[in-house]
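Comments concern the structure below.
Numbering (mature numbering (1 follows the signal peptide of the UniProt record, and there is no 0)), first residue to last: -27 to -1, 1 to 132.
Below you can see the structure in the form of C-alpha cells.
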C-alpha cells in the first residue's frame, strides 16, 4: 500500500491516521509482509521491511536451516523493545532478495514471525523512520542485535 493511495481515500483522515500509526503497522495491515533492501554507510546493503524500516536478528535466537528449526528467544519485555515482524500470509521478497530464504515460524502466541535465512526478524523501538539503524550492534540482556545483508548474514560492524 502506498501513502498516496491511502491519502486519496481522505486527505484529512488519512494524514491524521498516518501520524498516529507506525509505518511498520501500515506496511502490514493486509497481513502481507514484504522485505526489501536499503543501503547506508558504514553497513552497505541491509534488509528492511516494505516501508524501509530496518530489520534485525538476535544472536541468541536459533537460526533455522539445514534441518534446524528457527526459534525466537525474544518474549515478554524483549518484544516491547524489539517488536517482531509478523505476517498472516506468505511473506514477499523484494527485488535482489532470495525469496527461498524468506519464511515464517509460529510463535507461542500463534502469530507468524517472518524469518530471513532462518533468522527471526525484529524491529527496534528506537527506530522512528525509514533508514534509522539505532538497533545495530546493540548488546542488551537478550544478546546482540544486528542488521542482515541481502544474503541473510549478520552485519557485525557496529555504527
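A virtual CB, placed ideally from N, CA and C, is assigned to each residue, including glycine. Note that the coordinates shown come from a computational prediction; the quantities given were computed from them, not determined experimentally.
Own chain partners of residue i with C-beta closer than 7 angstroms, once the 5 adjacent residues on each side are dropped
i	result
residue 104	11, 13, 25
residue 91	36, 37, 38, 43
Pair within 7 angstroms by beta-carbon distance, residue i and residue j
i	j	result
residue 59	residue 86	yes
residue 125	residue 32	no
residue 83	residue 5	no
residue 74	residue 89	yes
Where residue i falls, given that 16 or more other Cβ within 10 Å makes a residue buried
i	result
residue 123	buried
residue 114	exposed
residue 76	buried
residue -3	Only weak support is given to the placement of residue -3: the predicted model assigns it a pLDDT of 38, under 50, and the value that follows is read from those uncertain coordinates. Exposed, since its Cβ has fewer than 16 Cβ neighbours within 10 Å.
Own chain partners of residue i with C-beta closer than 8 angstroms, once the 5 adjacent residues on each side are dropped
i	result
residue 128	16, 17, 19, 109, 119, 120, 121, 122
residue 67	7, 8, 9, 10, 23
residue 100	26, 27, 106, 107, 108
residue 81	48
residue 78	37, 42, 43, 44, 45, 85, 86, 88, 93
residue 64	5, 6, 7, 8, 75, 76, 77, 87
residue 21	8, 9, 10, 11, 27, 28, 103
residue 53	98
For residue i: DSSP bridge partner residues
i	result
residue 79	85
residue 38	41
residue 21	9, 27
residue 95	29, 57
residue 118	31
residue 100	According to DSSP, which records beta bridges pairwise, residue 100 is partnered with nothing at all.
residue 113	116
residue 127	121
residue 66	8
Same chain only: Cβ atoms within 6 angstroms of residue i, ignoring 5 sequence neighbours per side
i	result
residue 95	29, 55, 57
residue 112	none
residue 46	33, 34
residue 72	66
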